[in-house]
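Keeping their order, the protein sequence lines are chains A and B.
Each residue of the first sequence is one higher than the one before, counting from 41 in the numbering used here.
Each residue of the second sequence is one higher than the one before, counting from 41 in the numbering used here.
In this text, a Cβ means the ideal position worked out from N, Cα and C, and glycines have one as well.
Quick caveat: nothing in here was measured; it's all calculated off a predicted structure.
Protein chains: 2
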Amino acid sequence: MLSVQDTLLRKLKAHSLLAPEDEAALRGVSHRLREVGPDEDIVGQGDVPPVSIVVIEGEVARYHTLYGGKRQYLSFHLAGDWPDAQTLFFARLDHAVCALNEGAVVAVFQHEHLRAVMARFPAVGQAIWRETLIDGAIFRAAISNNSARNARARMAHFFCEIFFRASRAALVHEQSTALPIRQSQLGETLGIALVTVNRTLRALRRTGSVDFRDGRLRVMDWQALTAIAEFDPEYLNYRAG
Amino acid sequence: MLSVQDTLLRKLKAHSLLAPEDEAALRGVSHRLREVGPDEDIVGQGDVPPVSIVVIEGEVARYHTLYGGKRQYLSFHLAGDWPDAQTLFFARLDHAVCALNEGAVVAVFQHEHLRAVMARFPAVGQAIWRETLIDGAIFRAAISNNSARNARARMAHFFCEIFFRASRAALVHEQSTALPIRQSQLGETLGIALVTVNRTLRALRRTGSVDFRDGRLRVMDWQALTAIAEFDPEYLNYRAG
DNA sequence: CGATGCTTTGAGGGATATCAAGAGGGGTGG
DNA sequence: CCACCCCTCTTGATATCCCTCAAAGCATCG
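Now the structure itself:
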């Protein structure tokens, strides 16, 4: 397993060039580890946190709480992701961040330490900035997905994104990756009712391209799945390969 | 009418503190003006532009083009907005930017000039960064809006956001502001069919709280409209007031 | 082994999409 | 100056996808 620093740097270097001194500076930033349980909030909606976190193990999600307590999941985050980087320069968080699975681990960095490094090593700041910009692209894709596609294509597209990102984070083994969410959460992500999630899932299973059960996502036919989803990974801005 | 520099700075100063020297540096960046017609693309999906733009007059939108040519509008931008700031640090644009109305005017800045200023005046970079982060918050709100609300609340929420941002940009006069889009575009924003747009609009008109016609948005009863929409402007991160 | 939470299936209803066509308004050309 | 066309808005009728309500399987756990 990678160290905290390796996990973080692998992600940043997927899209940004860092000189040895940039890398060394980032490696030098102190942090502490925090383990969180399933459905436990790491940061609450409306918080003004003095720290930000990087996912090290397990998975983490962001969500809005709407009137009436209804929940809308916004994004999911794997090892190396930085789900609340924006709090570095932003007063109040408009959403919460929670852990999904048992034993998720995040690294906690003090904003002041990060800001000090960014001031001396601008490339570090730019790399983090890019993280937040890729975030933006993922959100835009989610708008289109949840607005312009039917339940089937919508779910397929979501599975494609998760699987693609997991494979880039070396988290795919034997054509499957962890996706520790319940069907109800899938519904709160895609904006469809639980019953429809279950039926859409069954329909997708029957295509033989994908299966999702017991918190694992299994892709049997990537070509077929991307065709159903009209998935093009361009927006994720990974370097080719 | 404000100058290009005043327009830009008013927007940045709504959320960021800039010292006189930061402000002076930003004022010194050269730019050119570009006038664009309705539905004309300013930047195309997939472009790698060496410039970014600030809206000066009129309105501008971002959109995805999906398979089959279907269009999904992602966001709308008023005077002072910076709809493609992310191209400063990002290779390829995942969406297009287009003008909405006749005679829209944007200021065009060379990336290299902006980067030079940001390198010497970090506060300028941070202010632009914040712009992109607020963008992110707006996108997140759109995900929730288009996923978790019915057509009526969804449209009301969209109107609330546009009206609120327009009022902060001093673009509201006599309870109304320009929103130069067609009903079909409203549908491509909210993810609902044109016929439903028309009927939902009629239903909202009948509440007496809002009217949208001929490219103008008129709000007669802000309290009632925000109640229908469950609108809370917190996510837009304007300073209080 | 009952309780609890998640998944699965059935039935029916409602919101929204699709199909179709007329009305209104502005521009253009004969 | 009128006729025509095109674009957008509006309204009606019908279809369908998805939601709500309801309840039964199935696993895990105390």
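Ends of the alpha helix (DSSP H) at residue i?
i: residue 228/B; result: 223–230
i: residue 61/B; result: 60–67
i: residue 49/B; result: 44–53
i: residue 164/B; result: 162–188
i: residue 262/B; result: 262–269
Is it true that the CB of residue j sits closer than 8 Å to the CB of residue i?
i: residue 161/B; j: residue 62/B; result: yes
i: residue 77/B; j: residue 95/B; result: no
i: residue 229/A; j: residue 198/A; result: yes
i: residue 100/A; j: residue 82/A; result: yes
i: residue 135/B; j: residue 107/B; result: no
i: residue 193/B; j: residue 274/B; result: no
i: residue 157/A; j: residue 164/A; result: yes
i: residue 247/A; j: residue 232/A; result: no
i: residue 177/B; j: residue 118/B; result: no
i: residue 180/A; j: residue 179/B; result: yes
i: residue 151/A; j: residue 92/A; result: yes
i: residue 186/A; j: residue 186/B; result: yes
Quick check: what's the CA-CA separation for residue i versus residue j?
i: residue 254/B; j: residue 141/B; result: 12 Å
i: residue 276/B; j: residue 112/A; result: 18 Å
i: residue 167/A; j: residue 122/A; result: 11 Å
i: residue 52/A; j: residue 171/A; result: 7 Å
i: residue 251/B; j: residue 241/B; result: 8 Å
i: residue 281/A; j: residue 131/B; result: Reliability of the predicted coordinates at residue 281/A is poor, the pLDDT of 46 falling under 50, and the value obtained from them is presented with this limitation in mind. Distance between the alpha carbons of residue 281/A and residue 131/B is about 16 Å.
i: residue 116/A; j: residue 98/A; result: 11 Å
i: residue 133/B; j: residue 84/B; result: 8 Å
i: residue 138/A; j: residue 64/B; result: 42 Å
i: residue 87/A; j: residue 125/A; result: 14 Å
i: residue 217/B; j: residue 209/B; result: 11 Å
i: residue 74/B; j: residue 257/A; result: 48 Å
i: residue 263/A; j: residue 196/A; result: 12 Å
i: residue 145/B; j: residue 211/A; result: 47 Å
i: residue 213/A; j: residue 184/B; result: 32 Å
i: residue 45/B; j: residue 71/B; result: 10 Å
i: residue 219/B; j: residue 225/B; result: 11 Å
i: residue 155/B; j: residue 129/B; result: 9 Å
i: residue 222/A; j: residue 189/B; result: 22 Å
i: residue 182/A; j: residue 234/B; result: 21 Å
i: residue 159/B; j: residue 159/A; result: 10 Å
i: residue 200/B; j: residue 60/B; result: 34 Å
i: residue 261/A; j: residue 43/A; result: 33 Å
i: residue 245/A; j: residue 153/A; result: 47 Å
i: residue 249/B; j: residue 259/B; result: 6 Å
i: residue 90/A; j: residue 110/B; result: 42 Å
i: residue 278/A; j: residue 127/A; result: 24 Å
Under a three-way DSSP split, which group does residue i fall into?
i: residue 214/B; result: coil
i: residue 75/B; result: strand
i: residue 103/B; result: strand
i: residue 56/B; result: coil
i: residue 133/A; result: coil
i: residue 281/A; result: At residue 281/A, the pLDDT of 46 sits below 50, so the modelled position is not reliable; the number obtained from the coordinates is stated separately. Looking at residue 281/A - three-state DSSP - the assignment turns out to be coil, as it is neither helix nor strand.
i: residue 252/A; result: strand
i: residue 237/A; result: helix
i: residue 88/A; result: coil
i: residue 219/B; result: coil
i: residue 209/B; result: coil
Identify every residue that forms a DSSP beta bridge with residue i.
i: residue 139/A; result: 100/A
i: residue 117/A; result: 100/A
i: residue 95/A; result: 146/A
i: residue 276/A; result: Bridge partners of residue 276/A: none, in fact.
i: residue 257/A; result: 217/A, 252/A
i: residue 112/A; result: 104/A
Provide the residue span of the beta strand (DSSP E) that contains residue i, from first to last.
i: residue 150/B; result: 144–150
i: residue 83/B; result: 81–83
Please find out if some non-hydrogen atom of the ligand FAD comes closer than 7 Å to the beta-carbon of residue i.
i: residue 172/B; result: As for the ligand FAD, it is missing from this structure, which has no ligand bound.
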